[in-house]
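There are 2 protein chains.
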Amino acid sequence: MARVYDVIVLGGGPVGINAADRAHAEGLSVALVERELVGGECNFWGCVPSKSLLRPVLAVAEARKVDGAREAVVGAIDAKGVFARRDRYVTNWDDAPVADVVLGMGVDLVRGHARLDGARRLVVTTAERRLELHARHAVIVCTGSTAAVPDLPGVAEAKPWTNRRATDSSTVPARLAVVGAGGVGVEMATAWHGLGSRVTLLARTAGLLPRMESFLGEHVHRGLVEAGVEVRTEVLVTELQRPGGTGPIQVTLDTGERLEVDEILFATGRTPNTADIGLETVGLAPGSWLDVDDTCMARGVEGDWLYALGDVNHQALLTHQGKYQARIAGAVIGARANGLALDSDPWSAHVATANDLAIPQAFFTDPEAASVGLTSAQATQRGHRVRTVDVDMGQSVPGANFYADGYTGQARMVVDEDDQTLLGVSFVGPGVVEMLHSATVAVAGRVPIARLWHAVPCFPTISEVWLRLLEAYRDGAPAG
Amino acid sequence: MARVYDVIVLGGGPVGINAADRAHAEGLSVALVERELVGGECNFWGCVPSKSLLRPVLAVAEARKVDGAREAVVGAIDAKGVFARRDRYVTNWDDAPVADVVLGMGVDLVRGHARLDGARRLVVTTAERRLELHARHAVIVCTGSTAAVPDLPGVAEAKPWTNRRATDSSTVPARLAVVGAGGVGVEMATAWHGLGSRVTLLARTAGLLPRMESFLGEHVHRGLVEAGVEVRTEVLVTELQRPGGTGPIQVTLDTGERLEVDEILFATGRTPNTADIGLETVGLAPGSWLDVDDTCMARGVEGDWLYALGDVNHQALLTHQGKYQARIAGAVIGARANGLALDSDPWSAHVATANDLAIPQAFFTDPEAASVGLTSAQATQRGHRVRTVDVDMGQSVPGANFYADGYTGQARMVVDEDDQTLLGVSFVGPGVVEMLHSATVAVAGRVPIARLWHAVPCFPTISEVWLRLLEAYRDGAPAG
Chain A
1 MARVYDVIVL
11 GGGPVGINAA
21 DRAHAEGLSV
31 ALVERELVGG
41 ECNFWGCVPS
51 KSLLRPVLAV
61 AEARKVDGAR
71 EAVVGAIDAK
81 GVFARRDRYV
91 TNWDDAPVAD
101 VVLGMGVDLV
111 RGHARLDGAR
121 RLVVTTAERR
131 LELHARHAVI
141 VCTGSTAAVP
151 DLPGVAEAKP
161 WTNRRATDSS
171 TVPARLAVVG
181 AGGVGVEMAT
191 AWHGLGSRVT
201 LLARTAGLLP
211 RMESFLGEHV
221 HRGLVEAGVE
231 VRTEVLVTEL
241 QRPGGTGPIQ
251 VTLDTGERLE
261 VDEILFATGR
271 TPNTADIGLE
281 TVGLAPGSWL
291 DVDDTCMARG
301 VEGDWLYALG
311 DVNHQALLTH
321 QGKYQARIAG
331 AVIGARANGL
341 ALDSDPWSAH
351 VATANDLAIP
361 QAFFTDPEAA
371 SVGLTSAQAT
381 QRGHRVRTVD
391 VDMGQSVPGA
401 NFYADGYTGQ
411 ARMVVDEDDQ
421 TLLGVSFVGP
431 GVVEMLHSAT
441 VAVAGRVPIA
451 RLWHAVPCFP
461 TISEVWLRLL
471 EAYRDGAPAG
Chain B
1 MARVYDVIVL
11 GGGPVGINAA
21 DRAHAEGLSV
31 ALVERELVGG
41 ECNFWGCVPS
51 KSLLRPVLAV
61 AEARKVDGAR
71 EAVVGAIDAK
81 GVFARRDRYV
91 TNWDDAPVAD
101 VVLGMGVDLV
111 RGHARLDGAR
121 RLVVTTAERR
131 LELHARHAVI
141 VCTGSTAAVP
151 DLPGVAEAKP
161 WTNRRATDSS
171 TVPARLAVVG
181 AGGVGVEMAT
191 AWHGLGSRVT
201 LLARTAGLLP
211 RMESFLGEHV
221 HRGLVEAGVE
231 VRTEVLVTEL
241 QRPGGTGPIQ
251 VTLDTGERLE
261 VDEILFATGR
271 TPNTADIGLE
281 TVGLAPGSWL
291 DVDDTCMARG
301 VEGDWLYALG
311 DVNHQALLTH
321 QGKYQARIAG
331 AVIGARANGL
341 ALDSDPWSAH
351 VATANDLAIP
361 QAFFTDPEAA
371 SVGLTSAQAT
381 QRGHRVRTVD
391 VDMGQSVPGA
401 NFYADGYTGQ
411 ARMVVDEDDQ
421 TLLGVSFVGP
431 GVVEMLHSAT
441 VAVAGRVPIA
451 RLWHAVPCFP
461 TISEVWLRLL
471 EAYRDGAPAG
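Chains A and B supply the protein sequences, listed in that same order. Numbering of the first sequence is given in full-length UniProt numbering, commencing with residue 1 and proceeding in unit increments. Numbering of the second sequence is given in full-length UniProt numbering, commencing with residue 1 and proceeding in unit increments.
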């Protein structure tokens, strides 16, 4: 008495919803299984609440950078108002509106915990029932990830925050330690400092945003310090003490120092939500990241039916990249189900070209930071013959200064000398987040340098940094 | 005893400076002649001061759009602070810093009024001297334009503002009439309203920004009204009265209505600065716009030596487009001077492809507006088989709402159905100005729709409007 669908999607976050939508658009019957909230981590404890919290902080910071505007910003940010807007954007952690969207797509929504039970078979359990689902064509795993909290002495009693409490709290801790130098760490340090916490950022690495071009982290570091955040790099937390699980937390560092805070946030990486989804029944290791090919099909499983999208495939733990994979996988599954050959052209809808070529990432910090494609180090490592050019945005872009007096920012372009296209572009500075897509179009579209000269940036926008990058490339020495 | 140069540039605004720089970079000797301030209208009475004035107004307006940030903006904009930043960016109308840049390029700077005196010959006059200049290869006219003030009864005595007073005034008129619905009109209405004037915008046309897609003007109109600007469309000013040239101005409209204001700004078009540059000595009509080919060489002159860039060629009265033409003309003149064939490939450095294909324009209003390439009407008129898709940004782009609560904005993409590239893109809404370059790269780079699907916009940026545009195109009906 199993229910049979063409496609079954495990995990109802943005990735799963997009995958379900695209598969359904291919004329396939689809069930989406979610064990918690439809909309997932991103909608309720990720980008949505974090950007809701960050924008008021950044809007005020931006106005304060402008002479004549600064004088208007004499009040304080209203934390209650910020929490209210956050609550509105997460619809008070009620997933009914998102669930309605899914139902409106013509996709069946199944609530419960799904586990694989051999090829194309799933068992969904809730407290009340056990349901068998069979997939004719494909099962798509997009169960996401969970914050990884290090196993430190005292950690349980310390009740540390992860991304969940950092985005759903409506009280501002007087003193907050943020552990981790990646995107979540620097963004949440920015948000909670802006909302009134005294924030200490504790980074294991020497630089912040360690996966990016190093100047991004340097600028963000300086911005945090200037705002009043204490930033400690190359330190490890070795022990926590919070007797009885309430009151202040004593944080011990590997330097022997101690720090007293009211809450501690761990933003120290993610674990895939694959430990309890029956991977062992199809020959894969429970708890592992799932390796996929460029159609997003999982490797190591017979029969071309298992796909893994979003965080679980570990290619890029970013909602937008997971949604991109969902579009690709939906089209691929549709083609295979309909007996059509896959189009192997890298610009076809069947190849996740951008997974390799052009992953974009934006950090809503002060200053903002954004990057797409390969860093100069990655490009060299991959064997490209590259030339890298840098531009000081404050020094050379008038529009940057009109935007923020005393603008400081930097841009970098990594050029493939052989085919004269861009492998990567990074920006840091106020207002750069919405500039990123110009770089993404150039990198993903493989627009040659010669054509980019005909893409005229408006005077006096910050985007004129593109002229400076092109000039620096034209006038610089070719790569050795 | 004439001085001889390879290239002589008439007009030391940004366009002339860029042309001189590029010609010099081609190994040519260059003189730049300027009769007023080196840096030109743009630097001293155009984009530079106007954007210096506008940014504080927009930064405060943006913070007020965000719950929790709004509460911090309890003061007023400090007009004195705004004027001080403007004065700093125009270096107090002292052109020495810009002149130093020109000299640092290795370009000779000649001050005075230059007039053509037959082919390749110029006479420069100042109060003290008369100097003859001969050009071996090229003369480049980039003398710009001047505000055209209509010849109305009473206009002289009314001492109306043009872009000059509108950008260099350090007093805020209590009541200001702005005549004109183009970029200068809507931007200056925004700036002076923000600085404290009671502004009435008087437009001859039915809609604002009449050369753009109509929805841009509709949104800007609504924004101005919501801010408190009175907007009157389809009205003409017929008479001004300001007895003795001081005190309030009585403005009579063609409706018979009268309006009393303290200053009136005419932003009603531009006249080319070509009336007194000796065009008659080379067979061209003084005071006319100069027609050019796609290398920016003036038509109607024998011998391939006269170029016209920037406002005077009437292709686009925009600093950035003039600078683009300067890059093209510099390379063209260098090639011709060195006896090299011109490269006719549209992506070469010798063809001003973007003049026809991809002129970008940004309006620093509230909401911001920006556009590149052809409008849907222009595209159809030119015979393209087009399909136009629209997206309501407030309704469909989460990142837009995180940016500004209750976001209203719209985007339009005009697609060439035959080659599946973009002919034009327009945006209106808070924060769209820096998004424009993503469209410019797509339009100027002729990136096909299929590739744009691999350019992933970050969640949750406003740039995710690109996904909505692509989806709308994918899901819509093909053009009849």
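We put the CB at the ideal spot given by N, CA and C, even for glycine. These numbers were taken from a predicted model, which means no experiment stands behind them.
Checklist entry - Taking one C-beta from the segment 125-144 of chain B and one from the segment 16-33 of chain B each time, how about it: are there three or more such pairs within less than 8 Å? => result A contact exists between the segment 125-144 of chain B and the segment 16-33 of chain B.
Checklist entry - Whole-angstrom Cβ separation of Val-98/A and Gly-46/A, contact assumed at under 8 Å? => result Distance from Val-98/A to Gly-46/A at the Cβ level is roughly 13 Å; contact not present, criterion being Cβ atoms closer than 8 Å.
Next on the checklist: Considering only DSSP beta bridges, list what Glu-239/B is partnered with.
Outcome noted: Answer by DSSP bridge pairing, in chain order: Thr-252/B.
Checklist entry - Along chain A, in chain order, which residues have C-beta atoms closer than 8 Å to that of Arg-85/B? => result Simply Val-66, Asp-67, Gly-68, Asp-405.
Next on the checklist: Counting only C-beta atoms, is Phe-363/A closer than 7 Å to chain B at any point?
Outcome noted: With respect to chain B, the C-beta atom of Phe-363/A has no partner C-beta closer than 7 Å.
Checklist entry - Under the rule that 16 or more other beta-carbon atoms within 10 Å means buried, what is Asp-94/A, buried or exposed? => result Exposed, since its Cβ has fewer than 16 Cβ neighbours within 10 Å.
Item to check | Option nearest His-219/A by Cα separation, candidates Val-465/A, Ala-23/A, Asp-366/A, Ile-249/A | outcome: For His-219/A, the closest alpha carbon among the candidates Val-465/A, Ala-23/A, Asp-366/A, Ile-249/A is that of Asp-366/A.
Item to check | Buried or exposed by the 16-neighbour rule on C-beta atoms within 10 Å, applied to Glu-302/B | outcome: Glu-302/B comes out exposed.
Checklist entry - Would a check of beta-carbon distances place Asp-78/A closer than 7 Å to chain B? => result True, the Cβ-Cβ gap to chain B drops below 7 Å.
Item to check | Outcome for Ala-444/B when other beta-carbon atoms lying within 10 angstroms are tallied against a minimum of 16 | outcome: Buried, by the Cβ-count rule.
Checklist entry - So what does DSSP say about Tyr-407/B, is it helix, strand or coil? => result Of the three classes helix, strand and coil, the one that applies to Tyr-407/B here is coil, per DSSP.
Next on the checklist: Please classify Ala-96/A as buried or exposed, where buried requires at least 16 neighbouring CB atoms within 10 angstroms.
Outcome noted: Of the other Cβ atoms in all chains shown, fewer than 16 fall within 10 Å of the Cβ of Ala-96/A; this residue is therefore exposed.
Checklist entry - Which two residues bound the contiguous alpha helix (DSSP H) that contains Ile-449/B? => result Looking at the DSSP string, the run of the alpha helix (DSSP H) that includes Ile-449/B is 449-452.
Checklist entry - To the nearest angstrom, how far is it from the Cα of Glu-234/B to the Cα of Ala-203/B? => result The straight-line gap from Cα to Cα measures roughly 6 Å.
Item to check | Opening and closing residue of the beta strand (DSSP E) in which Leu-230/A lies | outcome: According to the sequence displayed, residue 230/A carries Glu and not Leu. Looking at the DSSP string, the run of the beta strand (DSSP E) that includes Glu-230/A is 230-232.
Next on the checklist: For Gln-250/B and Gly-244/B, what's the separation of their Cα atoms in angstroms?
Outcome noted: Between Gln-250/B and Gly-244/B, the C-alpha separation is close to 13 Å.
Next on the checklist: So with CB distances below 9 Å, who are the chain B contacts of Leu-452/A?
Outcome noted: Residues of chain B whose Cβ lies closer than 9 Å to the Cβ of Leu-452/A are, in chain order, Val-441, Ala-444, Gly-445.
Checklist entry - According to the Cβ coordinates, are Trp-453/A and Leu-469/A closer than 7 Å? => result Result no, Cβ atoms of Trp-453/A and Leu-469/A do not sit closer than 7 Å.
Item to check | Residue environment, Leu-317/B, which counts as buried when at least 16 other CB atoms sit within 10 Å | outcome: With 16 or more neighbouring CB atoms inside 10 Å of its own CB, Leu-317/B falls in the buried class.
Item to check | Inside the segment 299-363 of chain A only - alpha helix (DSSP H) runs reaching at least 4 residues | outcome: Listed in chain order, they are 319-337, 353-357.
Next on the checklist: What residue range does the beta strand (DSSP E) around Arg-111/B cover?
Outcome noted: First-last of the beta strand (DSSP E) with Arg-111/B: 108-111.
Checklist entry - If you draw a straight line from the alpha carbon of Pro-150/A to that of Ala-174/A, how long is it in whole angstroms? => result Going by the C-alpha atoms only, they are around 24 Å apart.
Checklist entry - Any idea if Lys-80/A is buried or exposed, counting beta-carbon neighbours within 10 angstroms, 16 or more meaning buried? => result Burial state of Lys-80/A is exposed, judged by a 10 Å Cβ sphere holding fewer than 16 other Cβ atoms.
Checklist entry - CB Glu-422/A to CB Ala-442/A, shorter than 7 Å? => result The question names Glu, but residue 422/A in the sequence shown is Leu. Contact annotation: Leu-422/A and Ala-442/A have beta-carbon atoms nearer than 7 Å.
Checklist entry - How would you write the range of the beta strand (DSSP E) that Thr-388/B sits in, first residue to last? => result Secondary structure note for Thr-388/B: its beta strand (DSSP E) is the uninterrupted segment 386-392.
Checklist entry - Among Asp-254/A, Val-199/A, Asn-273/A, Ala-370/A, which has the Cα closest to the Cα of Val-172/A? => result Measuring C-alpha to C-alpha distances from Val-172/A to each of Asp-254/A, Val-199/A, Asn-273/A, Ala-370/A identifies Val-199/A as the nearest.
Item to check | Proximity test, Cβ basis, 7 Å: Glu-62/B and chain A | outcome: By this cut-off, Glu-62/B is an interface position.
Checklist entry - With a cut-off of 7 Å, does the C-beta of Cys-47/B fall near any C-beta of chain A? => result For Cys-47/B, the answer is yes, since a Cβ of chain A falls inside 7 Å of its Cβ.
Checklist entry - Roughly how many angstroms separate the alpha carbons of Val-74/B and Val-229/B, rounded to a whole number? => result Spanning the alpha carbons of Val-74/B and Val-229/B requires a straight line of approximately 21 Å.
Next on the checklist: Rounding to the nearest angstrom, what Cα-Cα distance links Leu-37/B and Tyr-5/B in this structure?
Outcome noted: Their backbone Cα atoms lie some 22 Å apart in a straight line.
Item to check | chain B contacts made by the segment 298-332 of chain A, where a contact means CB separation under 8 Å | outcome: Taking 8 Å as the Cβ-Cβ cut-off against chain B, the residues of the segment 298-332 of chain A that qualify are Leu-318, Thr-319, His-320, Gln-321, Lys-323, Tyr-324, Arg-327.
Checklist entry - Would a C-beta distance cut-off of 7 Å place Leu-240/A and Leu-152/A closer than the cut-off? => result In contact: Leu-240/A and Leu-152/A (Cβ atoms closer than 7 Å).
Checklist entry - Is the shortest distance between the beta-carbon of Ser-463/B and the beta-carbons of chain A less than 7 Å? => result So yes, Ser-463/B belongs to the interface.
Item to check | Stretch-stretch touch, CB-based, cutoff 8 Å, three pairs: the segment 456-465 of chain B with the segment 303-323 of chain A | outcome: In this structure the segment 456-465 of chain B lies against the segment 303-323 of chain A, because at least three pairs of beta carbons, one per stretch, are closer than 8 Å.
Item to check | chain A residues whose Cβ lies nearer than 8 Å to that of His-437/B | outcome: Chain-order list of chain A residues neighbouring His-437/B: Met-435, Ser-438, Ala-455, Pro-457, Cys-458, Thr-461, Ser-463, Trp-466, by C-beta distance under 8 Å.
Checklist entry - With 16 other CB atoms within 10 Å as the buried threshold, where does Gln-381/B fall? => result Exposure of Gln-381/B is indicated by the presence of fewer than 16 other C-beta atoms within 10 angstroms of its C-beta.
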